[in-house]
Each structure stands twice: as C-alpha cells, then as structure tokens.
Amino acid sequence: MRLVLGGIFLIAGSAKLADPRAFARIISAYGLLPEQLLVPAAIGIPSIEVLAAFCLLLNVRGGLAAICGLLTFFLLVLGYAISKNLNVDCGCFSQLEIHARNSLFIAFLRDLGLMAVSFYLIACQRVHNRIWQNMNSTTTNEPAGGPTAQ
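Note that our numbering has the sequence shown beginning at 1, numbered continuously upward.
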C-alpha cells in the first residue's frame, strides 16, 4: 500500500512539474492566490509531492506525515471549491486528469480514500514499532548468559 500511495503522488507531482504553467492556470481558477505566487506554487506544490513520494517509497521517516499534510491541504482546497460551486479542474493529475462532470467531488472522495490508506499505514507503522519495542525490551531484560532456568 505504501508503494501504491507513493507511486500515485510521484505520478501526480511529476505530471504537474512537466507543465507548471498549465498547473498555474488551474491554481489561478481557484482564486486563492495572487498572480505573483501562481508560478512558485505551481512548482513548489508538485515538488513537495514528488519529494514526499520518494520519502514514502524509500520508507524515509516523515514521508507518510508529508503525504498526510498534502492530502489535508488538497481536501481543504477541494472542499472550498465544492462549497463555492466552482467549475474548475481539480488539478490533481494536471493533464492526466479525466475531465468529468462532478470531478471536484470525485477528487474529494478519492483524496478521502487516500487519506484512509494513509491512516491505515500510520496504524500499521505504530503496531510495527510497538512490536519492535517489545522484542527489544525482552531481549535486553535477559541476563548476559540468556534466560535463567529455574
């Protein structure tokens, strides 16, 4: 699941980086940023996506947290667009996005699903860490010669 989630963000970020001006136009349609910040945002957001994807794919600490942060940001922006009834491209995969009716709502649901996967991975990570800690604590509590026979 970690590899799939990382792959999704790698593809999405790379597609946006391939044409940052097109992504800047999509960002502009939301009306949330002044014009002078559109190109930096169009380069910065997908760069963070790609970096977070690589961190997740390589299991680098913080990669999953970065993905959760990005998903939270995307859900907030999509929620804003839905609440304002904006008729804009979600910008999730830039040119790769399938233009469909209700695409913002579909993107919102997709991002909720990706967030659920992220939470599942966090839960698995915590269980794994707890098991690892328990294994380490039982091996360090034994006397130097191993367990004592009674």
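Glycine included, C-beta positions come from ideal geometry on N, C-alpha and C.
Small disclaimer: the values here were computed from a predicted structure and weren't measured.
Which residues mark the beginning and the end of the alpha helix (DSSP H) in which residue i is found?
| i | result |
| --- | --- |
| leucine 17 | 2 to 18 |
| valine 77 | 63 to 83 |
| cysteine 90 | Where cysteine 90 is concerned, there is no enclosing alpha helix (DSSP H), given that its DSSP letter is neither H nor E. |
| valine 50 | 38 to 57 |
Kindly indicate which residue of the options has the alpha-carbon position closest to the one of residue i.
| i | options | result |
| --- | --- | --- |
| serine 52 | Arg110, Ile8, Gly79 and Ala29 | Residue identity check: residue 52 is alanine in the sequence provided, not serine. Nearest of Arg110, Ile8, Gly79 and Ala29 to alanine 52, Cα basis: Ile8. |
| arginine 61 | Pro34, Gln125, Leu33 and Ala15 | Gln125 |
| alanine 22 | Thr72, Val88 and Leu3 | Val88 |
| alanine 47 | Asn85, Asp19 and Asn59 | Per the sequence shown, residue 47 should be read as serine rather than alanine. Minimum Cα distance to serine 47 is reached at Asp19. |
| leucine 5 | Val127, Leu112 and Ser137 | Leu112 |
Do residue i and residue j have their C-beta atoms within less than 9 angstroms of each other?
| i | j | result |
| --- | --- | --- |
| cysteine 92 | phenylalanine 74 | yes |
| glycine 13 | glutamate 49 | yes |
| leucine 104 | isoleucine 82 | yes |
| leucine 17 | leucine 64 | no |
| methionine 115 | threonine 72 | yes |
| isoleucine 27 | isoleucine 45 | yes |
| glycine 79 | phenylalanine 108 | yes |
| alanine 24 | leucine 38 | yes |
| valine 127 | methionine 1 | no |
| alanine 29 | leucine 86 | yes |
| leucine 32 | valine 77 | yes |
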